[in-house]
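Colleague: What follows is a structure written as structure tokens; I'll ask about it next.
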Amino acid sequence: MSDAAAAGARRAARAIDALRRGWPLRVGAADGALDLLAVESASDAALAEFGGADMLLSGERAVTLKLTNQRAAATPGPVRLAGAGNSVAAALAVADPALDLAHPLKGPFRTVATGGEAAAAAAMTMARHAGLLPAFFVRPAAGGVEAECTDGDVAALLDPARLAIAARARLPVAASETAEIVAFRSPEEASDHVALVIGRRDANPPVVRLHSECLTGDVLGSLKCDCGPQLHAALHAMADAPWGVLLYLRQEGRGIGLVNKLRAYALQDQGYDTVDANLRLGFPVEARDFAIAGRMLDLLGIARIRLMTNNPEKVARLEKEGVEVVERIPLALPTNPHNEHYLATKRDRTGHQL
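Written out as structure tokens, the structure is:
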């Protein structure tokens, strides 16, 4: 990465930190700049000092609130609401779907031009990266802010080329006592990704599993998903093959973060499936970055793989990154009463081949 890109990534990292702390920041782009204050982390005192009463919502949340027409809803972009953010409580009633039942009659709202489409889109990416609801108080770029960045800085922060191998060590695990763990780190990122190499490397393409972090399933044994059983079944399948690699990606909740995933769980308890829950929160159905997996494989010197997945999209995304997928290996596991609907949704709405 060039010195300029590295400096941009640092600016974006500081801006995301400001978001989480409830501090105002400025995001600029070629078509305009916006001053922003994250609704979820803001206080009324901070809002009064910020002075903006407009709100910026993700396109997905705007569709839920019936604020976009059908054509725009096909590829929704951020939407700005005039005068909708007079207080943090009022803004949360608009932004947080957990409050929809308590505040069913929202609006009427008046939408206005965002003031910078590219900056608004970058802000939504930053909110997701920070694990916050994709909703902001917004004002024209003026006055003091705690941090500044551009949409290009955000792209630099998320560039998988920044990943490098940070450490590696032998790690005996239940599936293989000779396993090796490899940690990958980016200079400005807080989350480290890891790979677990099972078996003795040879000329055969390894069995590879992309596994996104799932605290509730992997650690706590949640029955709402199949993540934990998939993780352990994949490791044992690799042990039975000549060799394999588990890529453990720190992208909780399909890339929306732990807190937002738990919010999605609460919406599922109200009757929404996992797809609609994410959309009501204001996120895309799939927000993971599989280019990270491609970079990890490249750093490990692996160009051809046998991919263990039920999701054809993973095959396509890895091949786009230059990885040759010579075989897709299905991973079939029994269901339970708590995850039957979840797995049916993956089959029927996100194309998983179960």
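In UniProt numbering, the protein residues as written are 1 to 354.
The beta-carbon is built from N, C-alpha and C at its ideal position, and this holds for glycine as well.
#1: Which word fits Arg26, buried or exposed, when buried means at least 16 other C-beta atoms lie within 10 angstroms of its C-beta?
#2: For the alpha helix (DSSP H) containing Cys149, name the first residue and the last one.
#3: With Gly8 as the anchor, note down where its alpha helix (DSSP H) starts and where it stops.
#4: What's the C-alpha gap between Glu327 and Thr125?
#5: For the alpha helix (DSSP H) holding Phe50, just list the boundary residues, first then last.
#6: Are Leu92 and Ile292 touching if we call contact CB-CB under 8 Å?
#7: Does Arg288 come out as helix, strand or coil in the three-state DSSP assignment?
#8: Quick check: what's the CA-CA separation for Ala161 versus Gly115?
#9: According to DSSP, is Gly85 helix, strand or coil?
#10: Taking the alpha-carbon positions, what's the Gly144 to Leu132 distance?
#11: For Pro172, which three-state DSSP category applies?
#12: Which class does Glu180 belong to by DSSP, given the choice of helix, strand or coil?
#13: Under 8 Å: do the segment 59-67 and the segment 3-15 share three or more Cβ pairs, one atom per stretch?
#14: Would you mind giving the Cβ-Cβ distance between Ala30 and Ala121, rounded to the nearest angstrom? I have them listed as a contact below 8 Å.
#15: Taking 8 Å as the limit between beta carbons, can you name the residues of its chain near Ala239, skipping five residues before and five after?
Modeller: Based on what the coordinates show:
#1: buried
#2: That residue, Cys149, is in no alpha helix (DSSP H); its beta strand (DSSP E) goes Ala147 to Thr150.
#3: Asp3 to Arg21
#4: 33 Å
#5: Asp44 to Phe50
#6: no
#7: coil
#8: 31 Å
#9: coil
#10: 23 Å
#11: coil
#12: strand
#13: no
#14: In fact, because the Cβ distance is near 12 Å, the residues do not count as touching under 8 Å.
#15: Ala175, Ser176, Ile198 and Gly199
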